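Since the structure comes first, as structure tokens, the remarks are kept for the end.
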Amino acid sequence: FYRASQWSGWAPLNVQRSVPPRLNRITTSGEGIDPPNIIIVGTPFFRQTRVRVSKNGAELPVSEIRLDNNKNLVVTMALGSRLQPGAYEVEVINPGNKSARSELRILSEDEQEQIAVNQETTAQPEDPLPEPGAWFGGFYWTSLVPGLPEYRDGNYVTGTAWLGTFLAMIAFSSSQAQAANSTVTSQENDFFYQVLNDPVYALAYSQTTNVDTNEFIQLYVLSQLNRSSLEPSYSLAAGNYYIAGGAAILIWLSHIFLYYDGGSLLDGSESVFDSNPRASIQSVYFQNPLNSNDKINGMQLTIQF
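Heads up, the sequence shown is in our numbering, so the first residue is 750 and it goes up one at a time.
Okay, here's the thing in structure tokens:
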């Protein structure tokens, strides 16, 4: 890097983002075989992913960790590390120390027999009814209301702020709509406005009341002045209605984006919809597979996030 040289044999650059893994299921294989295997089903896993297995705070030795079909982790325990009945803690660590933990429980023969008996005696409905309010895939309508997902997660302060602001904008918009409608209704119910703005009514009114032209013009002017005095109130109420309604829609859309798609913007957590959130580079290093100081014929660039 400090002298001019001709590089050749370029290698492709593969960049992967490291995120906390999602552990869907943990099982064992090879019962009665020493050493046994632990199968971890989840996503995403990398070839640099590490696994720790411990019981009662004591870490058990692991012999091999391999990635099966780029989907499942197969953990081979060391010789003599036979898994006895009990609870084990399994920690999966992706590059960048982004980890997730789950429990693996090995059942004894008595527990396995009891579970089999319970499954035989428990009657399962053929067509279970969906839970109230459930949508496709277990999605709930309450998840669309700002603040309710936070209540479900236990974040009551944040949930109150979202829900209170959202409902306040809706209530204010509704009140301003009623104010604008009442202004229009009061104008339409005004007697002189109805008469003087209709030629037929105006002619009949002038003939029955013997109102001369000057008085008629004065009444018309007063009616228009009254209408003009109501226009600012109507314009203000209508403007507030649209502003508050737009603010409510903006709050609703912002909550959906921040909670379901941009969670990493607030607390660094992984997005619900995006399995590859924003990443930060932690280390960059070069590796010369030929270990040659004279000429670099092959090079691997590794970037960890």
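C-beta: ideal position from N, C-alpha, C; glycine also. Every value quoted in this text rests on a predicted model; they were computed, and no experiment measured them.
| Item | Value |
| --- | --- |
| 8 Å Cβ cutoff met for I787 and V841 | no |
| Residue burial classification, V839 (beta-carbon count within 10 angstroms, cutoff 16) | buried |
| Where the beta strand (DSSP E) through Y837 begins and ends | G835 to N843 |
| Strand pairing of E860, partner residues [DSSP] | None, per the DSSP bridge assignment. |
| With 16 other Cβ atoms within 10 Å as the buried cut-off, status of Q861 | exposed |
| Backbone CA spacing between I775 and T792 [nearest angstrom] | 12 Å |
| Three-state secondary structure assigned by DSSP to S757 | coil |
| Complete runs of the alpha helix (DSSP H) confined to the region 779 to 815 [at least 4 residues] | none |
| C-beta atoms of A987 and A929 nearer than 8 Å | yes |
| Simplified DSSP assignment, three categories, for R1027 | Low per-residue confidence applies at R1027: pLDDT is 44, beneath 50, and the placement is therefore not dependable enough to give any value. |
| Residue from G845, E852 and A917 with nearest C-alpha to L772 | E852 |
| Euclidean distance between Cα positions of T932 and L897 | 36 Å |
| Candidates K804, N975 and R815: closest to R831 by CA position | K804 |
| With 16 other Cβ atoms within 10 Å as the buried cut-off, status of Y905 | exposed |
| Contacts around P769, its chain only, beta-carbon distance under 7 Å, and the 5 residues preceding and following it disregarded | N843, K847, S848, A849 and E1019 |
| Residues that DSSP places opposite M826 in a beta bridge | V811 |
| Beta-carbon proximity check, S892 vs Y990, cutoff 8 Å | no |
| Element boundaries [beta strand (DSSP E), containing L853] | K847 to I855 |
| Through-space distance from P785 to S778, alpha-carbon basis | 6 Å |
| CA-to-CA distance, E808 to L828, given in whole angstroms | 14 Å |
| Residue range of the unbroken alpha helix (DSSP H) whose run includes P898 | L897 to D902 |
| For R712, the nearest candidate out of S984, L822, D817 and I998 (CA to CA) | Outside the modelled stretch of the chain, which goes from 750 to 1054, sits residue 712, for which no answer is possible. |
| Helix, strand or coil at S767 according to DSSP, with G and I counted as helix | coil |
| Rounded separation between R901 and G913 - CA only | 16 Å |
| DSSP bridge partner residues for N821 (one or two, in chain order) | V790 and D817 |
| Nearest neighbour of A836, chosen from V802, P810 and N867 [CA to CA] | V802 |
| Which listed residue (G806, S977, L985 and R854) has its alpha carbon closest to that of S924 | L985 |
| Status (buried if at least 16 other CB within 10 Å, exposed otherwise) for I864 | exposed |
| Three-way DSSP call (helix, strand, coil) for L832 in this model | coil |
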